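The structure appears below as structure tokens.
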Amino acid sequence: AQSVTQLDSQVPVFEEAPVELRCNYSSSVSVYLFWYVQYPNQGLQLLLKYLSGSTLVKGINGFEAEFNKSQTSFHLRKPSVHISDTAEYFCAVSTTQGGSEKLVFGKGTKLTVNP
Amino acid sequence: DTEVTQTPKHLVMGMTNKKSLKCEQHMGHRAMYWYKQKAKKPPELMFVYSYEKLSINESVPSRFSPECPNSSLLNLHLHALQPEDSALYLCASSRDRHQPQHFGDGTRLSIL
Numbered sequence: 016a017q018s019v020t021q022l023d024s025q026v027p028v029f030e031e032a033p034v035e036l037r038c039n040y041s042s043s044v045s046v047y048l049f050w051y052v053q054y055p056n057q058g059l060q061l062l063l064k065y066l067s068g069s070t071l072v073k074g075i076n077g078f079e080a081e082f083n084k085s086q087t088s089f090h091l092r093k094p095s096v097h098i099s100d101t102a103e104y105f106c107a108v109s110t111t112q113g114g115s116e117k118l119v120f121g122k123g124t125k126l127t128v129n130p
Numbered sequence: 002d003t004e005v006t007q008t009p010k011h012l013v014m015g016m017t018n019k020k021s022l023k024c025e026q027h028m029g030h031r032a033m034y035w036y037k038q039k040a041k042k043p044p045e046l047m048f049v050y051s052y053e054k055l056s057i058n059e060s061v062p063s064r065f066s067p068e069c070p071n072s073s074l075l076n077l078h079l080h081a082l083q084p085e086d087s088a089l090y091l092c093a094s095s096r097d098r099h100q101p102q103h104f105g106d107g108t109r110l111s112i113l
């Protein structure tokens, strides 16, 4: 079964600093990867997705991620963070079960941006 | 603005009550999902409906009963819940295979 591992449970960073949130996935022939963000008391919002094609994926709010097949990684990056980026970030892989698709989430990374 | 609407936003119920959670999407998505999320944890999949048919049940206790009346609506009927069922219940939908899921803001459920 496919899985993802988020290597850091918490990442503190200062405002305007760059940030990288790490995600590794289990190898498979076809991989569909996503990053979601969850703000307090809200649902999950899609940041970006990798389905195929270019390995550098740009998302909303200035985030981007690079699909690296040789290292089975899909790390999320932002060159300069804001206080408002403080949230929980989930990496996820889409996998097939019983003819239907399901998302398998990593355990999440809590990003805290400090002034 | 979320494109997946969940009601109610908050629900407090006793262990003997019967209640229902509702989820609605008008994006023409063919798959709909129920998740349970405990604090500081990722969402856990409960059920998947594909073309209005139940396709995945992740061994969820029978006190949770899903229903998909039409392609836009998804319900979760609750009966005789336990305190450990207190959580955020999220609904999501997706257009096609391996496409992104769109999430609602959830129903925060508390069992007394």
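Residue numbers (the numbering used here), protein chains in the order written: chain P, 16 to 130; chain W, 2 to 113. Using N, Cα and C, we set each Cβ at its ideal position, and we do this for glycine too. The structure displayed is predicted, hence computed values, not measured ones.
Take residue i as the anchor and find which of the options has the nearest alpha-carbon.
| i | options | result |
| --- | --- | --- |
| residue 199 of chain W | W:69, W:84 and W:85 | Residue 199 of chain W is absent from the structure shown; chain W starts at 2 and stops at 113. |
| residue 85 of chain W | W:92, W:16 and W:7 | W:16 |
| residue 28 of chain W | W:99, W:73 and W:87 | W:73 |
| residue 45 of chain P | P:87, P:60 and P:102 | P:87 |
| residue 43 of chain P | P:129, P:109 and P:121 | P:109 |
| residue 52 of chain W | W:96, W:111 and W:106 | W:96 |
| residue 112 of chain W | W:91, W:102 and W:80 | W:80 |
| residue 38 of chain P | P:113, P:122 and P:117 | P:122 |
| residue 82 of chain P | P:75, P:91 and P:76 | P:91 |
| residue 38 of chain W | W:103, W:90, W:54 and W:108 | W:90 |
| residue 54 of chain W | W:45, W:41, W:44 and W:71 | W:71 |
| residue 119 of chain P | W:82, W:87 and W:101 | W:101 |
| residue 35 of chain W | W:26, W:87 and W:45 | W:45 |
| residue 16 of chain P | P:74, P:75, P:40 and P:56 | P:40 |
| residue 65 of chain P | P:58, P:73 and P:128 | P:73 |
| residue 130 of chain P | P:21, P:99, P:57 and P:24 | P:99 |
| residue 76 of chain W | W:66, W:57 and W:30 | W:66 |
| residue 61 of chain P | W:104, W:26 and W:92 | W:104 |
| residue 32 of chain P | P:95, P:117, P:102 and P:111 | P:95 |
| residue 24 of chain W | W:14, W:94 and W:110 | W:94 |
| residue 76 of chain P | P:21, P:22 and P:93 | P:93 |
| residue 58 of chain W | W:33, W:43 and W:22 | W:33 |
| residue 29 of chain P | P:101, P:63, P:112 and P:20 | P:101 |
| residue 59 of chain P | W:110, W:47 and W:5 | W:5 |
| residue 113 of chain P | W:56, W:99 and W:88 | W:56 |
Contact check, residue i vs residue j under 8 Å by CB: the rounded distance?
| i | j | result |
| --- | --- | --- |
| residue 115 of chain P | residue 49 of chain W | 5 Å |
| residue 104 of chain P | residue 71 of chain P | The pair is not a contact, with the Cβ atoms about 18 Å apart (cut-off 8 Å). |
| residue 48 of chain P | residue 78 of chain P | At roughly 13 Å, the Cβ-Cβ gap does not stay under 8 Å, so residue 48 of chain P and residue 78 of chain P are not in contact. |
| residue 107 of chain P | residue 51 of chain P | 6 Å |
| residue 108 of chain W | residue 26 of chain W | Contact flag wrong, Cβ pair sits at about 15 Å. |
Output, in chain order, the set of chain W residues within a Cβ distance shorter than 7 Å of residue i.
| i | result |
| --- | --- |
| residue 47 of chain P | 99 |
| residue 109 of chain P | 99 |
| residue 66 of chain P | 99 |
Where does residue i sit, in a helix, a strand or coil, going by DSSP?
| i | result |
| --- | --- |
| residue 67 of chain W | strand |
| residue 27 of chain P | strand |
| residue 115 of chain P | strand |
| residue 2 of chain W | With a pLDDT of 48 at residue 2 of chain W, under the threshold of 50, the modelled position of that residue is not reliable, and no figure is offered here. |
| residue 18 of chain W | coil |
| residue 85 of chain W | helix |
| residue 76 of chain P | helix |
| residue 67 of chain P | coil |
| residue 109 of chain P | strand |
| residue 99 of chain P | helix |
| residue 32 of chain P | coil |
| residue 95 of chain W | strand |
| residue 39 of chain W | coil |
| residue 87 of chain P | coil |
| residue 53 of chain W | coil |
| residue 1 of chain W | This structure gives no information on residue 1 of chain W, because the portion of chain W shown stretches from 2 to 113. |
Against residue i, what residues of chain P qualify as contacts under a CB-to-CB distance less than 7 Å, listed in chain order?
| i | result |
| --- | --- |
| residue 106 of chain W | 57 and 58 |
| residue 102 of chain W | 118 |
| residue 57 of chain W | 112, 113, 115 and 117 |
| residue 43 of chain W | 105, 120, 121, 122 and 123 |
Residue i versus chain P: which residues are under 8 Å apart at the beta carbon?
| i | result |
| --- | --- |
| residue 91 of chain W | 58 and 59 |
| residue 32 of chain W | 115 and 116 |
| residue 46 of chain W | 117 and 118 |
So residue i contacts chain P; which residues on that side make the cut at Cβ distance below 9 Å?
| i | result |
| --- | --- |
| residue 49 of chain W | 112, 113, 115, 116 and 117 |
Using 8 Å as the cut-off, can you tell me whether the stretch 55 to 68 of chain W makes contact with the stretch 63 to 70 of chain P, which would need three or more C-beta pairs spanning the two stretches below that distance? no
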